[in-house]
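Novice:
Residue numbers (the working numbering), protein chains in the order written: chain A, 1 to 337; chain B, 1 to 303; chain C, 1 to 347.
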């Protein structure tokens, strides 16, 4: 009798929450689609809406072309046609991975980006992962015992780090470790394409970026742990006989790190931008230097393509985080039967 | 009173609940922040005075020219740069521009965030869904790359920078305002105001807005801090306004005009340190506000 | 019967360390429990009743040494001959969950939301299991070969744990425990979580189980279910129970002895039948009169805040039969034919 009741209540509960989860999922999907559309539209609209000749805006300002060639280009790019036709043509180009042609670099933008993005993704990925691990662990410990001297010192340090522009930090590191001490090379991803050389070259930039990303995770994790450890389940874990730090690792850390997943994804865009600056400082041949050169050379097609690619990477990271969250948090995932 | 048998609870007595333990703990944690906060306030006022009255502190006008690439000396405490400007004077005058960018951006984004959050939290329903959906969509777009392309198309000017930064950093404010508004609109005084027939606009302005100020303040400060970092970063890429020399522009020039190659640390370290310290002081004040908000909430719970 | 737990002169005070708060006097410590003494014999159920806020839960947390760092605990808590307050944290951790267990008042919050029920039920074995099993299995192990042992032992270990959990879950009324073990607390109702929590706390068969307001927030059906479960547990495991509650009816049906607390001290201890039929202390009488079946007559006034207790008897401002000395002197707990009362008017 009792069991039956419990089962019924449970069934009801599941049904309600199930439809809730479905709705949530549909909403999420819809929002991602809208973000995607917005990104594409922005990319389409910006060169056409900005002051100046759209042709110039689309091929880059520094390129010298004659009046006749310009008219020809205008016709070729369909800039005389109505906007909606231009938009459909633009989408068609995108589907064929045609991101325009860089007159500066004399090659299609998609090709240029393909060459550069792998390195940048490697750089960002490694730093974000290292930063997440470092920041989460240190932050968890600092939140567990916030009153100890060492933890307060670490906290001050990370606050200072998070308030420093990443490129300034990179500049200082480059100056000190590469120029003064000569410990690390100050240019490029490698001298010879061997793993050892790559690690040697990447060490400083990755350290800087990892520290920077760790500082953000650290502060969030610290606050999160301070909040979580006051919850009843943490006290119950102690009542079960867990000793001090194992309560943190066995119980609190998993709860406290759930918000980190979402924040990591939202931060991904920010870190990506930080990585661009770090690349410029360390003269790494990735997206950052590409964008820097494109800004100086007014190479608009490259800028647009870079924006599109970065925005899509961030979008994907967010979707991944949502999926991960659903796997990690049983409150989101409910039984389907 | 489902149970029927229950001893009545009397007010104003010891709470033996777990919430109380948590409460004590948070107070302790806030105390650690307290110390920093005083330092932060001091630093902030120092920079504010620099920004308001630069002529009192700067030894020379920022545009006056001397011999270029001078190392630090008694006459030029931080030496001179590539075109012979005194770096210390530049630094002092830069405070105004950097802080102005930060605060102006924060004003714009706070205003937008407040409007969106307030409407979404007050009207709920479809409006809420739409506005929050929009917020989520905007949140995903990476800001700095977008500003880079917009900045590249427009001619660098401090006002476009402020406008673009302000238009792109309101999402977190909107979210906080919305959740707080949802909470406040259920309060007795808002309900009674609605019953008395006041217009929505009147209720939002005179009943809800005053209660939002203490969640807005920390957000305002943190937005200022992040806008200053963004400004410094964009200036470094050469997207800043070179006619108004902020700390970011100084750093950028030091990097691109030989300060770094010549190892002139007195040129590129001071502006960077200034940015970091100023941002930190503002962020600390923001954290301080956040702590106070927390305390108020706890205080309300305890009653 | 032997005494299992003896609490003597327990004083718990909290230091609110706010310096800049509006009320400066709050800076002083608040004494939540003062000079509390009681004992629990083996297999006995002692109930601690009182209004919320009189310090019942603080006693429970003090016995488990779960109070936050801001608290000061003085006195003696003797458990099986050892003083718990003199133990260090490591020794205490070994005791918690194995010899003394606790059930918290809010089961859905006490279970960790991100771990499955099965994981959380197996945890006590993982924490405390090693020593016990080592002794038991050492004899068997000697006969086996090294490598085989390693693998086999682990499997076997898991299997024994699993079967124990399944058995325990069946005992509290789950017909298909294997399914429920994969569930998470947020998927289940409060009543189910309550049963999971009880299972987790009693699975290692502790000598003493502390139930801290287990009936709080449950509706009537669930309370009677809970009552049956606790009764069953007692009959099967024969462990002692410290039941903390403000639900007098619940207490009456379960307890062997009842201690009534008011403003941080015990004012009356007696067997349930004598307490409920002939209460001695005026507060106990007031409590019983406030029950719906006895006319629902509330006690006038409210209990004093622990930061400013009245002089003399702590109950005197609300007492209908107070005398002059009640306002000046603080009465002691006097024992007389197996029941103790803290009142001048009862010899």
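No residue lacks a Cβ here, since even glycine has one placed at the ideal position from N, Cα and C.
Thinking just about the alpha-carbon of each residue, which of B:178, B:235, B:210 is nearest to the one in residue 162 of chain B?
Specialist: Per the Cα distances, B:235.
Novice: Relative to chain F, which residues along the segment 221-237 of chain A have a C-beta separation below 8 angstroms, given in chain order?
Specialist: Any reference to chain F falls outside this structure, whose protein chains are A, B and C.
Novice: Are the segment 190-198 of chain C and the segment 172-181 of chain C touching, with three or more C-beta to C-beta distances below 8 angstroms?
Specialist: Result yes; three or more Cβ-Cβ pairs closer than 8 angstroms.
Novice: Taking Cβ positions only, does residue 96 of chain C come closer than 7 angstroms to chain A?
Specialist: At least one chain A Cβ lies under 7 angstroms of residue 96 of chain C.
Novice: Determine the direct distance from the alpha carbon of residue 142 of chain B to that of residue 312 of chain A, and round the result to whole angstroms.
Specialist: Roughly 9 angstroms between the two C-alpha positions.
Novice: Would DSSP call residue 179 of chain B helix, strand or coil?
Specialist: Three-state DSSP puts residue 179 of chain B in a helix.
Novice: Taking 7 angstroms as the CB-CB limit, is residue 165 of chain A close to chain B?
Specialist: It does: the Cβ of residue 165 of chain A has a partner Cβ on chain B nearer than 7 angstroms.
Novice: If you draw a straight line from the alpha carbon of residue 177 of chain A to that of residue 201 of chain A, how long is it in whole angstroms?
Specialist: Approximately 12 angstroms between the Cα atoms of the pair.
Novice: So with CB distances below 8 angstroms, who are the chain B contacts of residue 318 of chain A?
Specialist: The contacting residues are 140.
Novice: Can you name the start and end residues of the alpha helix (DSSP H) that residue 191 of chain C belongs to?
Specialist: Where residue 191 of chain C is concerned, the enclosing alpha helix (DSSP H) stretches over 190-202.
Novice: Taking Cβ-Cβ distances shorter than 7 angstroms, what residues in chain A pair up with residue 167 of chain B?
Specialist: Here the premise fails: no neighbours, minimum Cβ distance about 12 angstroms.
Novice: So with CB distances below 7 angstroms, who are the chain A contacts of residue 106 of chain C?
Specialist: Simply 232.
Novice: Anything in the segment 113-130 of chain C with a Cβ closer than 8 angstroms to a Cβ of chain A? List those residues in chain order, please.
Specialist: So the close ones are 113, 114, 115, 116, 123, 124, 127, 128.
Novice: Going by Cα to Cα distance, which pick from A:115, A:29, A:110 is closest to residue 285 of chain A?
Specialist: The candidate whose alpha carbon is nearest that of residue 285 of chain A is A:115.
Novice: Just to confirm the assignment, what range does the alpha helix (DSSP H) spanning residue 136 of chain A have?
Specialist: Start and end: 109-144.
Novice: What does residue 136 of chain B reach in chain A if we use C-beta pairs closer than 7 angstroms?
Specialist: Going along chain A in sequence order, the residues near residue 136 of chain B (Cβ under 7 angstroms) are 31.
Novice: What residue range does the beta strand (DSSP E) around residue 228 of chain C cover?
Specialist: From DSSP, residue 228 of chain C is part of no beta strand (DSSP E) but of the alpha helix (DSSP H) over 220-237.
Novice: Going by DSSP in three states, residue 317 of chain A sits in which element: helix, strand or coil?
Specialist: Helix, per DSSP.
Novice: Taking 7 angstroms as the cut-off, decide whether the C-beta atoms of residue 223 of chain B and residue 109 of chain B are in contact.
Specialist: Yes, they are a contact pair.
Novice: Quick check: the Cα distance between residue 119 of chain A and residue 108 of chain A, rounded to an integer number of angstroms?
Specialist: So the alpha carbons of these two residues sit roughly 19 angstroms apart.
Novice: If you draw a straight line from the C-alpha of residue 316 of chain A to the C-alpha of residue 40 of chain A, how long is it?
Specialist: One C-alpha to the other measures close to 14 angstroms.
Novice: Do the segment 80-99 of chain C and the segment 236-251 of chain A make contact, defined as three or more Cβ pairs closer than 8 angstroms?
Specialist: Yes: the two stretches touch, three or more of their Cβ pairs being nearer than 8 angstroms.
Novice: When the cut-off is 7 angstroms and only beta carbons count, does residue 87 of chain B lie next to chain A?
Specialist: For residue 87 of chain B, the answer is no, since every Cβ of chain A falls outside 7 angstroms of its Cβ.
Novice: Can you tell me whether residue 133 of chain B is helix, strand or coil according to DSSP?
Specialist: Residue 133 of chain B: helix per DSSP, three-state reduction.
Novice: So the candidates are B:261, B:287, B:268; which of them puts its Cα closest to the Cα of residue 247 of chain B?
Specialist: Of the candidates B:261, B:287, B:268, the one whose C-alpha sits nearest the C-alpha of residue 247 of chain B is B:268.
Novice: Taking all protein chains shown into account, do 16 or more other C-beta atoms lie within 10 angstroms of the C-beta of residue 144 of chain A, making it buried, or fewer, making it exposed?
Specialist: Looking at its Cβ environment, which holds 16 or more other Cβ atoms inside 10 Å, residue 144 of chain A is buried.
Novice: In chain A, what lies closer than 8 angstroms to residue 143 of chain B by C-beta?
Specialist: Correct list: 269, 270, 273.
Novice: Grab the span of the beta strand (DSSP E) containing residue 6 of chain C for me, first residue to last.
Specialist: Residue 6 of chain C -> beta strand (DSSP E) spans 3-15.
Novice: Closer than 8 angstroms by C-beta to residue 85 of chain A: which residues in its own chain qualify, once you throw out the five before and the five after it? Chain order, please.
Specialist: Excluding positions up to five away in sequence, the list reads 78.
Novice: Evaluate residue 266 of chain B with the Cβ neighbour count: other Cβ atoms within 10 Å of its Cβ, from every protein chain shown; 16 or more gives buried, anything less gives exposed.
Specialist: Buried, since its Cβ has 16 or more Cβ neighbours within 10 Å.
Novice: Which residues share a DSSP beta bridge with residue 103 of chain C?
Specialist: The partner list for residue 103 of chain C (beta bridge, DSSP) reads C:211.
Novice: Can you tell me whether residue 105 of chain C is buried or exposed, with buried defined as 16 or more other CB within 10 angstroms of its CB?
Specialist: With 16 or more other Cβ atoms within 10 Å, it is buried.
Novice: Assuming the contact rule is C-beta atoms closer than 8 angstroms, residue 171 of chain B and residue 215 of chain B should be a hit. Round their C-beta distance to whole Å, please.
Specialist: With 8 angstroms as the limit, residue 171 of chain B and residue 215 of chain B do not qualify as a contact, their Cβ atoms being about 15 angstroms apart.
Novice: So who's on the other strand from residue 258 of chain C, going by DSSP bridges?
Specialist: C:47, C:270, per the DSSP bridge assignment.
Novice: Answer with yes or no whether the minimum CB distance from residue 330 of chain A to chain C is below 7 angstroms.
Specialist: It does; some Cβ of chain C falls within 7 angstroms.
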